[in-house]
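Data block below; observations after.
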Amino acid sequence: MVSTSSITVLALSSLALAQNAPVSTDSPQGVTYVAKFVPNSKSNISGTVQFEAAKNGSVLVNVDVQGLPSQGGPFPYHIHEKPVPSDGNCTGTLGHLNPFNGTTTSTVAAGKEAGDLAGKHGNITTSPFQTEFVDNYISLNPDNAAYIGGLSVVIHASDNSRLTCANITKEDAKKSNETETSAVTSANAAGNLVANGFVAGALAGVVAYLI
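Numbering (mature numbering (1 follows the signal peptide of the UniProt record, and there is no 0)), first residue to last: -18 to -1, 1 to 193.
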């Protein structure tokens, strides 16, 4: 039988190991990571959780998901410590990212598990669902213990069963730039068409007047 004193020692040891996470200020600007959820035979959930550097070097998180079940919520979601395995089994992502031994019971964000996005910023409560926030305790810098690249995001039911999961991958900067350039080019082209229309209309008016 385990004595009360032994339990007390173990509890105190756990508290000693736990520590508040440092604020991350080292995420590089211009870098984007995203977890993309795709419907499958077990889930209708789709959407993205996107991560990019905030102005203070922490991480700006944008959540945009839909297709969640009508029952079983609210839906916690977390960054897990392993990527989704090739067979797609979300159990293979293991536990939450937790490099500083945070706890789910901490009353401050710095004391929670780094990957506990729902614990720090709230559960997914509707479908569709969209929110944006800055998380000061994760990082996009590979040298930081709280680096999230190559890990995964798991969406749970309220009973903590795993509904769906997706790997956090780095967006192709070239592709993003091409998309932005294409949008600017299209806008410029539309502007030129409008401008040319005005010029053509003006010239037609002058010609009509001269005739």
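Glycine residues also receive a C-beta, built at the ideal position from the N, C-alpha and C atoms.
Beta bridge pairing from DSSP links Leu42 with Glu34, Val116.
When rounded, the separation of the alpha-carbon atoms in Asn142 and Ser40 is 28 Å.
In the same chain as Asp8, and ignoring 5 residues on each side of it, the C-beta atoms closer than 7 Å to its own belong to Gly39, Ser121, Asn123, Asn126, in chain order.
Unbroken beta strand (DSSP E) stretches of 3 residues or longer found wholly inside the region 37 to 107: 41 to 48, 59 to 62, given in chain order. In this model, Glu95 and Cys72 are separated by some 19 Å (Cα to Cα). Rounded to the nearest angstrom, the Cβ distance from Pro65 to Asn105 is 23 Å, too far for a contact under 8 Å. In its chain, beyond the 5 residues on either side, Asn2 have a beta carbon closer than 8 Å to the beta carbon of Val90.
Excluding the 5 residues flanking it on each side, Phe82 has same chain C-beta neighbours closer than 6 Å at Gln1, Ala3, in chain order.
The Cβ atoms of Gly77 and Glu63 lie closer than 8 Å to each other.
Nearest neighbour of Arg144 by Cα position, chosen from Thr30, Asp117, Tyr119, Lys24, turns out to be Lys24. Annotated three-state conformation of Thr146 is strand, per DSSP. By the Cβ-count criterion, Ser140 is exposed, with fewer than 16 other Cβ atoms from all chains shown falling within 10 Å of its own Cβ. Ser88 has its alpha-carbon roughly 30 Å from the corresponding atom of Pro67. Cβ atoms of Gly97 and Asn80 come within 8 Å of each other, at about 6 Å.
Residue state for Ser140 is assigned as coil, using DSSP reduced to three classes.
Assigned with DSSP and collapsed to three states, Asn2 falls in coil, not helix or strand.
DSSP places Lys18 in the uninterrupted beta strand (DSSP E) bounded by 14 to 19.
In the three-state scheme derived from DSSP, where H, G and I count as helix and E and B as strand, Gly29 is classed as strand.
Nearest to Pro110 by alpha-carbon distance, out of Val16, Ala100, Gly29, is Gly29.
When beta bridges are read from the DSSP output, Ser134 appears opposite His62, Asn149. In the structure shown, Ser23 falls within a coil segment according to DSSP collapsed to helix, strand and coil. Beta-bridge annotation (DSSP): Ser109 is not paired with any residue.
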